[in-house]
Amino acid sequence: MLGSGSKGNCTAVWTENTVLLIDAGKLALRYIRSTLAQAGLSASAVESVLVTHCHTDHLSDTTYRLCGPEKIPVYCTDATWEAALKKRSNRRLEELEKLKLRRCLPDREFRVGEFTVKPFGVSHSHRFSKDTPVGYTLRANGVKVAYATDLGHVTPSIERELAGSDILVIESNHDVQMERDSGRHKDAIEWVLGKTGHLSNEQCAGALSNVIARSERPPRHIVLAHLSQECNLPGLAISASKRSLDVADLAHVNLITASQSRPTPVITVEA
Ligand SMILES: [Zn+2]
Ligand SMILES: [Zn+2]
């Protein structure tokens with residue numbers, strides 16, 4: 244994960260032959276390029292970008308500036324695309340359409356290079372946007388990666404999508420008390436804590452327990468993502484989810500947090 248949080252998101256998932264990005268919003272283009280290079284990847288090798296939803300930390304002019312010159316297709320739902328184009332700060336996004344690089348996200352599994360990609364709907368959006376946000380599972384060579392950030396709440400059907408992942412990326416956005424004490428506008432606080440906002444550390448830990456209970460084999464790596472910089476601390480996120488792992492006798496599972504400004508270590512999983 245190159246960066247994760249409300250100031251920008253981008254995650255690279257790759258096999259020997261296919262490089263995919265999930266989201267490419269708001270982070271500096273130079274940072275994305277240099278961080279990919281540190282992992283031995285080049286932006287020109289990216290096969291596609293899979294976008295989760297319309298918020299500018301996921302889909303923005305950065306997406307155009309990365310994908311336009313390199314001719315990288317961008318997948319998102321029609322509603323996500325329409326909502327993103329309405330933002331004045333996203334003026335250059337429509338150039339992706341002119342370049343025929345915008346792809347309508349299928350509502351079922353599809354192939355991109357070596358990956359089988361499956362989008363699934365999640366509940367997360369502002370009152371004013373008609374977005375249809377998604378999470379993703381990616382499978383290749385017998386390995387499954389799940390990506391679910393920006394979730395208002397986790398339903399049993401989302402738990403089923405996340406079950407059986409080798410690498411599970413899940414949102415652990417805020418500490419409820421820190422959010423309540425944040426001094427933000429009360430509507431903003433209500434949205435974050437509500438059913439279409441973001442997952443708290445406790446909600447994340449609860450979802451983790453349910454996903455583990457539904458999994459035939461436990462995840463090997465768990466990345467807690469999209470942590471709020473003002474209303475969370477990595478230690479609080481880790482300790483909430485660690486309790487779920489301890490209860491399930493999985494204290495050995497690799498549990499880390501993603502950061503806004505530093506990439507996570509590369510996680511390698513063999514089938
Ligand atoms: Zn976000
Ligand atoms: Zn969002």
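Quick note: the sequence shown uses our numbering, first residue 244, plus one each step. We treat Cβ as the ideally placed atom computed from N, Cα and C, and that holds for glycine. Keep in mind the model is a prediction, meaning the values are calculated, not measured.
### Query
Quick one: what's N252 bridged to in DSSP?
Here residue 252 corresponds to residue number 9 of the sequence shown, with the count starting at 1. DSSP, once it has assigned bridges, lists G268 as partnering N252.
### Message
Let me confirm a value: R345 is counted as buried when at least 16 other C-beta atoms fall within 10 Å, else exposed. Which label applies?
### Response
Residue 345 sits at position 102 when you count from the first residue of the sequence shown. Within a 10 Å sphere around the beta-carbon of R345 sit 16 or more other beta-carbons, which makes this residue buried.
### Task
Compute every distance between the C-beta of D424 and the non-hydrogen atoms of ligand 1, then say whether any falls below 6 angstroms.
Taking the first residue of the sequence shown as 1, we reach residue 424 at position 181. At a cut-off of 6 angstroms, the beta-carbon of D424 does not count as near ligand 1: no heavy atom of the ligand is closer than that.
### Message
Can you tell me whether R308 is helix, strand or coil according to DSSP?
### Response
Start at 1 with the first residue of the sequence shown, and residue 308 comes out as number 65. Three-state result, R308: helix.
### Message
Report the CB separation of D418 from N444 in whole angstroms; it is logged as a contact under 8 angstroms.
### Response
To locate residue 418, count along the sequence shown from 1; it is residue 175. To locate residue 444, count along the sequence shown from 1; it is residue 201. Yes, D418 and N444 are in contact; Cβ-Cβ is about 6 angstroms, under 8 angstroms.
### Message
Three or more C-beta pairs under 8 angstroms: does that hold for the segment 452-470 against the segment 423-436?
### Response
Under the Cβ criterion (8 angstroms, minimum of three pairs), the segment 452-470 does not count as touching the segment 423-436.
### Query
Among S372, H469, F363, which one has its Cα closest to the Cα of S415?
Position 172 of the sequence shown, counting from 1, holds the residue named residue 415. Residue H469 is the option with its Cα nearest to S415.
### Query
When the Cα atoms are used, what is the spatial distance from L272 to V360?
Locating residue 272 in the sequence shown gives position 29, where the first residue counts as 1. Locating residue 360 in the sequence shown gives position 117, where the first residue counts as 1. Using only the alpha carbons, I get a separation of about 25 angstroms.
#### Entry: Any heavy atom of ligand 1 nearer than 7 angstroms to the CB - residues listed
Spelled out in chain order, the answer is S249, N252, H298, D300, H301, T392, D393, H469.
#### Entry: Local Cβ density within 10 Å of P376, reported as buried at 16 or more and exposed below that
One-based indexing of the sequence shown puts residue 376 at position 133. By the C-beta density criterion, P376 is buried, having at least 16 other C-beta atoms within 10 angstroms.
### Option nearest K269 by Cα separation, candidates R486, L245, T258, V256
Counted from its first residue, the sequence shown places residue 269 at position 26. Residue L245 is the option with its Cα nearest to K269.
### Query
Looking at the structure shown, is S443 part of a helix, part of a strand, or coil, going by DSSP?
Your numbering for residue 443 matches position 200 in the sequence shown. In this structure, S443 counts as strand in the three-state DSSP scheme.
### Query
Per DSSP, what kind of secondary structure is A468 in: helix, strand or coil?
In the sequence shown, residue 468 corresponds to position 225, counting from 1. Shown here, A468 sits in a strand according to DSSP, grouped into three states.
### Query
When every heavy atom of ligand 4 is checked, does at least one fall within less than 6 angstroms of the C-beta of W257?
With respect to ligand 4, the structure shown offers nothing to examine, as its ligands consist of ligand 1 and ligand 2.
### Message
I believe K387 touches G356 by the beta-carbon criterion, under 8 angstroms. Please report the beta-carbon distance rounded to the nearest angstrom.
### Response
To locate residue 387, count along the sequence shown from 1; it is residue 144. To locate residue 356, count along the sequence shown from 1; it is residue 113. Contact between K387 and G356 fails: their C-beta atoms lie close to 16 angstroms from each other, not under 8 angstroms.
### L442 to F358 span [Cα, whole Å]
Locating residue 442 in the sequence shown gives position 199, counting from the first residue. Locating residue 358 in the sequence shown gives position 115, counting from the first residue. Between the alpha carbons of L442 and F358 lies a distance of about 28 angstroms.
### Query
Roughly how many angstroms separate the alpha carbons of S471 and R354, rounded to a whole number?
For the purposes of this step, residue 471 is identified with residue 228 of the sequence shown, where counting begins at 1. For the purposes of this step, residue 354 is identified with residue 111 of the sequence shown, where counting begins at 1. Cα to Cα, the separation comes out at about 33 angstroms.
#### Entry: Neighbour-count burial assignment, A391, 16 or more Cβ in a 10 Å radius
Your numbering for residue 391 matches position 148 in the sequence shown. Around the CB of A391, 16 or more other CB atoms lie within 10 Å, so the residue is classed as buried.
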